[in-house]
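Residue 746 in our numbering is what sits at position 526 of the sequence shown, and the numbering runs on without skipping anything.
Each residue gets a CB set at the ideal place from its N, CA and C atoms; glycine is no exception.
One structure is given here, and the rest of the page talks about it.
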Amino acid sequence: MKLDSPVAKLPLVGPVYVRRLEKLGIQTVEDLIHHIPHRYNDYSHIAKIAHVQAGETATIRAELKELKNLYTKHGKKIQAGIVSDNSGNMQVIWFNQPFLARNLKKGSHLSLSGKVDFFNRERALLSPDYEYFNPGYQTLHTGRLVPVYPETAQISSKWLRARINYVLQNIGHLEEFLPDFLLKQNNLLDFNTAINSIHFPQKLEDAQKARVRLSFDELLFLQLKNQYKKENWNQNKAIHNLRIDKKIYKEFTNSLPFNLTLSQKKAIGEIFSDLQKETPMNRLLEGDVGSGKTVVAATCAFCSFINGFQSVFMAPTQILANQHYKTLQEIFAKFKVRVTLITSAGVKSDFGKTDIYVGTHALIHKKVNFENVAIVVIDEQHRFGVEQRAHLVKKSGKKSHSPHVLTMTATPIPRTIALTFYGDLDLSTLDELPKGRQKITTWIVPPLKREAAYNWIKEQIKKERVQGFIICPLIEESQVESMRQVKAATVEYEKLCKVFANSVKLGLLHGRLKAKEKDTTMDKFRAGDIDILVSTPVVEVGIDVANATLMIIEAAERFGLAQLHQLRGRIGRGKKKSYCLLFTSRKSKTTNQRLKALKENKSGFELAELDLKMRGPGEVFGTRQHGFPELKIASWNDSGVIKLTKKVAEDVIGNKTRYPKLIEKLESKEIILN
């Protein structure tokens, strides 16, 4: 048996179980032993029947005297038995498991673990775990710290426990792949001890030490994967080296109707430094909502323009592509920079006579041909698949030569995640807002104040001549019980038409509208022909209307803090005071804490860190993002381990001869491709 052996070769694992295990991400023996318990039942207290008390969790070793099925007055079956040891007798009760009366034979010696309680006024073990007991043999499911695993339909923890135990008993000593000096420096268990201790620890401290080692491994492999991606990228040559003309750059920045922030200037400096190198840039520009990422990217494109080359901007939605197109036209109006918009609504065959291409994934279309691209900008890059991003970069470059790549995100990413998930990219951060941005007042609105809130909005629109958004999480009513209170945009729109009658002009926007319908709606909203835009979170990015000062977010508890912050960032872009109203009908301490945090915090980075701690990484962005890795053992909150593994990964890349066994392991896991 080897780690890469398929689980199908294990005893009692037939085709049906192979398919079930695949649902848990388990295909090989190595996958199986890395299926880590999420908790342990402490059945280590072994006692005589006479000594156990009600309320205790205990293990008793006793002989089964009798076991029979009884029926309640409601027709349900109870399995009632008597067990005995040399100190006395005791009841044992199971519920709705009639097969036990057939399978467990009178006179059997059993080890039973569970909670002692009263049944018919007598002490009893209720629904205990059990197994046959032979003195001198180590029990597996009772009488110890018993691992409980993440399960799937028709695969129980008991079944998984038995298979994992079989592997560990038969595979032999698991070979170490980290060097001794690394284990000693960081007080880490060896791999063999860690795997055995995580599954079958003698005490909880052993399991915790094992988890530390296996968390280290998981994060190290993730860091190394990104470091190798970075190393492979750096083997390319930049398709064009760009010259930075400070005089023309100053002329460009002076033409802007605002001053750049210090963080914008710093990011531009980092980008300019990259553009002059022979290795192509591969940088992530991370910025809070409204921090001015587009201007930084435009400056990057302007550098390409003055060097005689083209740039490509790819956005995930047509709305965002349109926004970039209009913004870039305004920014470059004085410099005769030609900007062309390419979306699925219109793909032409000849786009050679332009300086900047802006578009959606339609840019990848085989009919779209680029002439002389130096820079590729990918906005909200986590919304594109890996293949889509790679295809655009490949299409813009030549063999062994790549364009400079700037990816952008308006989703503030907790630093611990950015260090790991985006470890193959250099990072620039915009952490301040341009002067003049209005602070947004945020209120939490309970159901009782909903009507008053609607009346206040009517007054604001009439008195201040402003506009607003009402955001709903789903397009259609869900049939799932827990989602019934979530407002669907289509239903909400119809309801609000009645609420506001003829006093407010409403519009509807969601992802299922045709491109022309979206454009028409947005044009009307920008022109002021729509007062309130009822929308799904499609407005999360790409809508910039200075007169929009009001936002209602329905079922606010359904969104992640970072996503709520992004939605809120659609307002407050003009000179008038802005307000965000969080409607919620869920009363819980966690909901109140999260929404209160949004009310009190203005920084998206702070909110992202809070959301990471309060809800976990899978919810940081409000929805699970394409390509976002789910950690099986480690936690994104393990900032110390994340920083350490990043440092170790960098040392591995620079000093491969110090890590021979680790390099072999990486090759076997195809992290290094030969």
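TODO: Inspect the beta-carbon positions of Leu-284 and Lys-326 and report whether they are closer than 8 Å.
DONE: For the 8 Å CB-CB criterion, Leu-284 and Lys-326 form a contact.
Open item on the list: Within the continuous alpha helix (DSSP H) that includes Ser-483, where are the two ends?
Closed with: 482 to 495
- [ ] Alpha carbon to alpha carbon, how far is His-419 from Asn-385? Give it in angstroms, no decimals.
- [x] 8 Å
Task: Per-residue burial, Met-310 [other beta carbons within 10 Å of its own, 16 or more giving buried] - done: buried
TODO: Note down the Cα distance separating Leu-495 from Asn-527, rounded to an integer number of angstroms.
DONE: For Leu-495 and Asn-527, the gap between their C-alpha atoms comes out near 11 Å.
TODO: Return helix, strand or coil for Phe-533, following the three-state DSSP convention.
DONE: Reduced to three states, the DSSP call for Phe-533 is strand.
TODO: Determine the direct distance from the alpha carbon of Gly-643 to that of Ala-782, and round the result to whole angstroms.
DONE: Straight-line Cα distance between these residues: approximately 21 Å.
Open item on the list: Count Cβ pairs between the region 644 to 658 and the region 499 to 515 that sit closer than 8 Å; are there 3 or more?
Closed with: yes
TODO: To the nearest angstrom, report how far apart Trp-453 and Ile-595 are at their CA atoms.
DONE: 15 Å
Task: Whether Val-597 touches Ala-541 by CB criterion (8 Å) - done: no
- [ ] Pull up the distance between the alpha-carbon of Arg-635 and that of Lys-866, whole angstroms please.
- [x] Approximately 13 Å, taken between the alpha carbons.
Open item on the list: Once the 5 residues before and after Val-368 are set aside, which same chain residues still bring their CB inside 7 Å of it?
Closed with: Pro-257, His-258, Arg-259, Tyr-260, Asn-261 and Ser-377
Open item on the list: Using a 10 Å radius around the Cβ and a threshold of 16 neighbouring Cβ atoms, would you call Leu-476 buried or exposed?
Closed with: Exposed.
Task: Below-8 Å beta-carbon distance, Ile-488 vs any chain B residue - done: No chain B appears in the structure shown, which is made up of a single protein chain.
Task: Residue from Phe-522, Thr-560 and Phe-533 with nearest C-alpha to Phe-552 - done: Phe-522
Open item on the list: I need the DSSP call for Val-366, collapsed to helix, strand or coil.
Closed with: strand
- [ ] Please determine if the region 853 to 861 and the region 432 to 440 are in contact, where contact requires at least 3 C-beta pairs separated by less than 8 Å.
- [x] yes
Open item on the list: Please state whether the Cβ-Cβ distance between Ala-430 and Leu-403 is less than 8 Å.
Closed with: no
TODO: Alpha carbon to alpha carbon, how far is Glu-714 from Val-700? Give it in angstroms, no decimals.
DONE: Per-residue confidence for Val-700 stands at a pLDDT of 41, beneath the threshold of 50, marking its modelled position as unreliable; no derived number is given.
Task: Residue interval of the alpha helix (DSSP H) (run including Lys-288) - done: Where Lys-288 is concerned, there is no enclosing alpha helix (DSSP H), although the beta strand (DSSP E) it sits in stretches over 277 to 291.
Open item on the list: Tell me the DSSP secondary structure of Ala-869 in three-state form.
Closed with: helix
Task: Residue interval of the alpha helix (DSSP H) (run including Ala-267) - done: Premise fails: Ala-267 is in no alpha helix (DSSP H) and is neither H nor E.
Open item on the list: Please tell me whether Val-765 and Arg-746 are closer than 8 Å, where the distance is taken between their beta carbons.
Closed with: yes
Task: Beta-carbon gap between Leu-330 and Ala-282 smaller than 8 Å - done: Closer than 8 Å, so yes.
Task: Ser-304 in three-state terms, based on DSSP - done: strand
Task: Proximity of Leu-548 and Ile-584 at Cβ, strictly below 8 Å - done: no
Open item on the list: Could you compute how far the alpha carbon of Gly-789 sits from the alpha carbon of Pro-654?
Closed with: 13 Å
TODO: With a 10 Å radius around its C-beta and 16 neighbouring C-beta atoms as the bar for buried, classify Lys-556 as buried or exposed.
DONE: Lys-556 is exposed by the Cβ-count criterion.
Open item on the list: Relative to the C-alpha of Thr-811, which candidate in Gln-786, Lys-795 and Arg-778 has its C-alpha closest?
Closed with: Arg-778
Task: Residue from Ala-709, Lys-587 and Pro-399 whose Cα sits closest to the Cα of Lys-881 - done: Pro-399
- [ ] Within its chain, find whatever has a CB closer than 7 Å to the CB of Phe-339; leave out the 5 residues flanking it on each side and keep chain order.
- [x] Gln-311, Ile-313 and Leu-346
Open item on the list: Taking the straight line between their C-alpha atoms, what separation do you get for Thr-362 and Tyr-263?
Closed with: 6 Å
TODO: Quick one: residues in its chain with C-beta nearer than 8 Å to the C-beta of Lys-833, no 5 flanking neighbours on either side, listed in chain order?
DONE: So the list reads Asn-857, once near-sequence residues are dropped.
TODO: Note down, in chain order, each residue of its chain lying with its Cβ closer than 8 Å to the Cβ of Thr-756, except the 5 sequence neighbours on either side.
DONE: Ile-691, Cys-692, Pro-693, Leu-694, Ile-695, Ala-709, Leu-729, His-730 and Gly-731
Task: 6 Å CB neighbourhood of Leu-442 in its chain, flanking five on each side removed - done: Thr-640
Open item on the list: Going by C-alpha to C-alpha distance, which of Lys-885, Val-532, Lys-619 and Met-628 sits closest to Phe-590?
Closed with: Val-532
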